[in-house]
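Residue numbers (the numbering used here): 47 to 368. We treat Cβ as the ideally placed atom computed from N, Cα and C, and that holds for glycine. Notes follow the structure.
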């Protein structure tokens, strides 16, 4: 079994009473959530430092859980949460059994485009919150293990991340500092998306070549979905746990292969085919330079998805130029 992880790391959203729309809240969390570490002492310790293997599914997932446990008190009525992601973190090249059922199913492959983007949306925010003093430990007490290859594409502790990605680390640190003194939802959302987009831009640039490991259809979908998320930032889309869960229902649950063409993919639901068709159209508009249209279409697509799922989306804070 190839497991899935959020690539949005930690996001802030709706109030706790919205959880009533889900009969079993555990359904919206990633697989093996309960089995993952929930405190630093669950990790290996060497020379006084916590050693985290973020290329193991459970250990990376544990960083989310610890972040939630340590930051929950700062958000009061806001729900801080990890989100689901329907894409495999397994090796797409098939050269290794990393992440595949036949091999190490808890392995996260460095060759996976989604896994690498997720690293920048989990590792960097996690180390930034460690540096913010919210965690209650010294900033030099946490170290991530490197992958088996391409080690130079990643950072592994607070100091190396500041050295390699100073602007992105500062943005995440600023977001966490804002949570300490502001309870204004719009403020939190604004700083969250600024940091989120900063991480994405770094990751896009570094790992675009990973798309060659996928079919043309899957590579185009991945680019389209990333574009969709990019354009949800300007309207400050409140991607809360329940809302993101509903949004993900419209996304493919398996890798696209040659011959897959929306809206005629028999293995997908009608809703998934419709969403995929919309994402493809969004990508084409972006290529011809229709930026304002892409902004508005992204916002409209999100609203349609939530209305289709029976959710009250509420107001989106549109900020793009008219």
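For this session: Could you check the C-alpha separation between residue 187 and residue 86 for me, to the nearest Å?
Result: 10 Å
Exercise. On the premise that residue 100 lies in contact with residue 395, defined as a C-beta separation below 8 Å, what is that separation, rounded to the nearest angstrom?
Worked result: What is shown of the chain runs 47 to 368, which leaves residue 395 out entirely.
Exercise. Between which two residues does the alpha helix (DSSP H) harbouring residue 253 extend?
Worked result: For residue 253, the uninterrupted alpha helix (DSSP H) run begins and ends at 231 to 253, by DSSP.
Problem set entry | First and last residue of the uninterrupted alpha helix (DSSP H) at residue 222 | Counting along the chain, the alpha helix (DSSP H) containing residue 222 begins and ends at 212 to 227.
For this session: Please say whether residue 103 and residue 78 have beta carbons closer to each other than 9 Å?
Result: Yes, the pair counts as a contact, with Cβ atoms nearer than the cut-off.
For this session: Kindly indicate which three-state DSSP category residue 330 falls into: helix, strand or coil?
Result: helix
Problem set entry | Strand pairing of residue 90, partner residues [DSSP] | 97
Problem set entry | Where residue 117 falls: helix, strand or coil (DSSP) | helix
Exercise. Cβ atoms of residue 200 and residue 113: under 9 Å apart, would you say?
Worked result: no
For this session: Use the C-beta contact count for residue 262: other C-beta atoms within 10 angstroms, 16 or more gives buried, fewer gives exposed.
Result: exposed
Problem set entry | Spatial neighbours of residue 244 in its chain, beta-carbon cut-off 7 Å, leaving aside the 5 residues before and after | Beyond the five residues adjoining it in sequence on each side, residue 244 comes within less than 7 Å, by CB distance, of 213, 214, 217 in the same chain, given in chain order.
Problem set entry | Residues of its chain near residue 157, where Cβ-Cβ distance is below 7 Å and the 5 sequence neighbours each way are ignored | 137, 138, 139, 256, 259
Problem set entry | Cβ distance (whole Å) where residue 297 is taken to contact residue 321 below 8 Å | That pair is a contact at about 6 Å.
Problem set entry | First and last residue of the uninterrupted beta strand (DSSP E) at residue 156 | No beta strand (DSSP E) holds residue 156; DSSP gives it neither H nor E.
Exercise. For residue 271, which residues of its own chain have a beta-carbon under 8 Å away from its beta-carbon, when the five flanking residues on both sides are left out?
Worked result: 297, 325
Exercise. Can you give the Cα-Cα distance for residue 231 and residue 198, rounded to whole angstroms?
Worked result: Near 37 Å, if we compare the C-alpha coordinates of residue 198 and residue 231.
Problem set entry | DSSP beta-bridge partners of residue 188 | Answer by DSSP bridge pairing, in chain order: 96.
Exercise. For residue 69, which residues of its own chain have a beta-carbon under 6 Å away from its beta-carbon, when the five flanking residues on both sides are left out?
Worked result: Confidence in residue 69 is poor, its pLDDT being 48 and thus under 50, which makes the residue's placement unreliable; the coordinate value appears in the next sentence. Nothing meets the Cβ criterion.
For this session: Could you spell out the range, first to last residue, of the alpha helix (DSSP H) harbouring residue 147?
Result: Neither: residue 147 is in no alpha helix (DSSP H) and is coded neither H nor E.
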